[in-house]
């Protein structure tokens, strides 16, 4: 491990020599300057990790020296050395960016502890700077965060297929970001200025899916009191994204196949076909080949949609991207939650990297949000959900005790997906409550901060049975 560089700036020669000897015994690399002017020169020459800076010096005093050090590199940690009568000045120095201060004469053991903490803060700051730079230097695709080979391969494929009109099949587990990939393909295509329409096939009842996709005429069936424009027509000249295609009934798959082959659809109750010009992006989290064997998915439709395939890695397959993703979510949710959290502690980051992540990126997003709600300025292990701290997945979650001390009572035989969904719902409820509290239950403002429409917020409030008394 590289030795930390420490610069001592103090006009007391004997004190400097004593500190030099003591710190070198601790295996630090130490430099000495006996004035503010000399110290600033050595700061520029050596860029130390830490500066021990005396407040009262002849010439340039400690406060002015601190200001100039911060101007050179704001990430250098500075500990002020002060006599008792200048403690108020030391507090002023901390407001200007000093990490801490210690009064002379000081206990060396106490100073060692402060130095260790300051260097840890410096290392964390440097890591954040590095991560921010990686975020700036990442591929230019919107909100696709990552530096590993697996995500780079995904980005390469997007770059190749986006400018074409080819149908794209995106495959990946729930929470891996399939819709985000679809939106980027659309954004970098010639159709970027036209509509992007997303349909979650799993969330629409079988009796309504045909009308949802293809539309219907007035009186086409009982309850059709007005003409309805389907998603295909709404996406005209743009992109239609069908998520969870494996959930489509076989009868609707036949109509989808015709739309892809012939470039036309029929509204329910309409005699004449309607020409469509739509780019199709399809997504699935199931094994479509197995669905074909079971007879639940048409083989001819499979070959029609599998023109260009993109396989999304799970989060556990791209753990090197977790620090970048976590920082991205911090930046994303600070304004929404009214927070200014800039760091995740080293211990917390280790927990995040070592966790299994069955819910993938979506689960990480929820965990970061929950940690931000609980934290003040830095996310510590105690701010993370219990199952992350204990690295619990699957059956271990059944008897897990949450951080509030409440026992999770899950029905025997419950699926892992449903377990993760319950944790996600809890995080969502907390976030909505936090934003409602910030806006004093002004639902219009809250919806704007959450980037959802008013109706969605209203339904969420109703779903979670939220009232102002919850706050």
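Residue numbers (my numbering): 1 to 471.
Backbone N, C-alpha and C define an ideal beta-carbon position, used for all residues, glycine too.
If you're wondering where the values come from, they're calculated on a predicted model, not measured in any experiment.
| Item | Value |
| --- | --- |
| Under the three-state DSSP convention, the category residue 208 falls into | coil |
| For residue 383 and residue 391, the rounded distance between their alpha carbons | 14 Å |
| Pair within 8 Å by beta-carbon distance, residue 49 and residue 6 | yes |
| CB of residue 351 within 8 Å of CB of residue 381, strictly | yes |
| 8 Å Cβ shell around residue 199 - same chain, five flanking residues per side excluded | 212, 213, 231, 240, 241, 242, 243 |
| Secondary structure of residue 309, DSSP reduced to three states | strand |
| C-beta contact flag for residue 112 and residue 24 at 8 Å | no |
| Per-residue burial, residue 41 [other beta carbons within 10 Å of its own, 16 or more giving buried] | exposed |
| Endpoints, the alpha helix (DSSP H) within which residue 283 is located | Unbroken run through residue 283 is the beta strand (DSSP E), 279 to 284; no alpha helix (DSSP H). |
| Top-ranked residue by Cα proximity to residue 322, from 307, 289, 357 | 357 |
| Close Cβ partners of residue 126 (< 7 Å) along its chain, the five nearest in sequence each way excluded | 75 |
| For residue 122, the three-state DSSP class (helix, strand or coil) | helix |
| For residue 241, the first and last residue of its enclosing beta strand (DSSP E) | 239 to 243 |
| Secondary structure of residue 363, DSSP reduced to three states | helix |
| Residues of its chain near residue 148, where Cβ-Cβ distance is below 7 Å and the 5 sequence neighbours each way are ignored | 318, 320, 321 |
| Straight-line gap, residue 201 to residue 252 (C-alpha atoms, nearest Å) | 11 Å |
| Through-space distance from residue 330 to residue 375, alpha-carbon basis | 12 Å |
| Cα-Cα separation, residue 170 to residue 162 | 13 Å |
| Contact set for residue 475: own chain, Cβ-Cβ below 6 Å, skip 5 residues either direction | Residue 475 is absent from the model: the chain starts at 1 and stops at 471. |
| Counterpart residues of residue 7 in DSSP-defined beta bridges | 31, 51 |
| Coil, strand or helix - residue 171 by DSSP | strand |
| Anticipated Cβ contact below 8 Å, residue 438 with residue 373, distance rounded | That belief does not hold up - the Cβ atoms of residue 438 and residue 373 are roughly 11 Å apart, past 8 Å. |
| Per-residue burial, residue 184 [other beta carbons within 10 Å of its own, 16 or more giving buried] | buried |
| Cβ shell of residue 468 (< 7 Å), same chain only, five flanking positions each side left out | 441 |
| Rounded straight-line distance, which links the Cα of residue 283 to that of residue 400 | Here the model assigns residue 400 a pLDDT of 42, short of 50, so the residue's position is not dependable, and the following value carries that caveat. Each residue's Cα considered, the two are about 34 Å apart. |
| Burial state of residue 233 (16 or more Cβ within 10 Å) | buried |
| Cβ neighbour criterion (16 or more within 10 Å) applied to residue 78 | buried |
| Per-residue burial, residue 309 [other beta carbons within 10 Å of its own, 16 or more giving buried] | exposed |
| Proximal residues to residue 446 (C-beta, below 7 Å), its chain only, five neighbours per side dropped | 435, 436, 439, 457 |
| DSSP three-state assignment for residue 101, whether helix, strand or coil | strand |
| Where residue 196 falls: helix, strand or coil (DSSP) | strand |
| Test item: CB-CB of residue 225 and residue 218 under 8 Å | yes |
| Spatial distance of residue 473 from residue 158 (CA atoms) | Lying before the first or after the last residue shown, residue 473 is absent from the chain, which here runs from 1 to 471. |
| The region 268 to 283 contacting the region 172 to 184, beta-carbon criterion three pairs below 8 Å | yes |
| Euclidean distance between Cα positions of residue 472 and residue 29 | An answer regarding residue 472 cannot be provided, because it is not within the stretch 1 to 471 covered by the chain. |
| Proximity below 8 Å, CB of residue 9 to CB of residue 19 | no |
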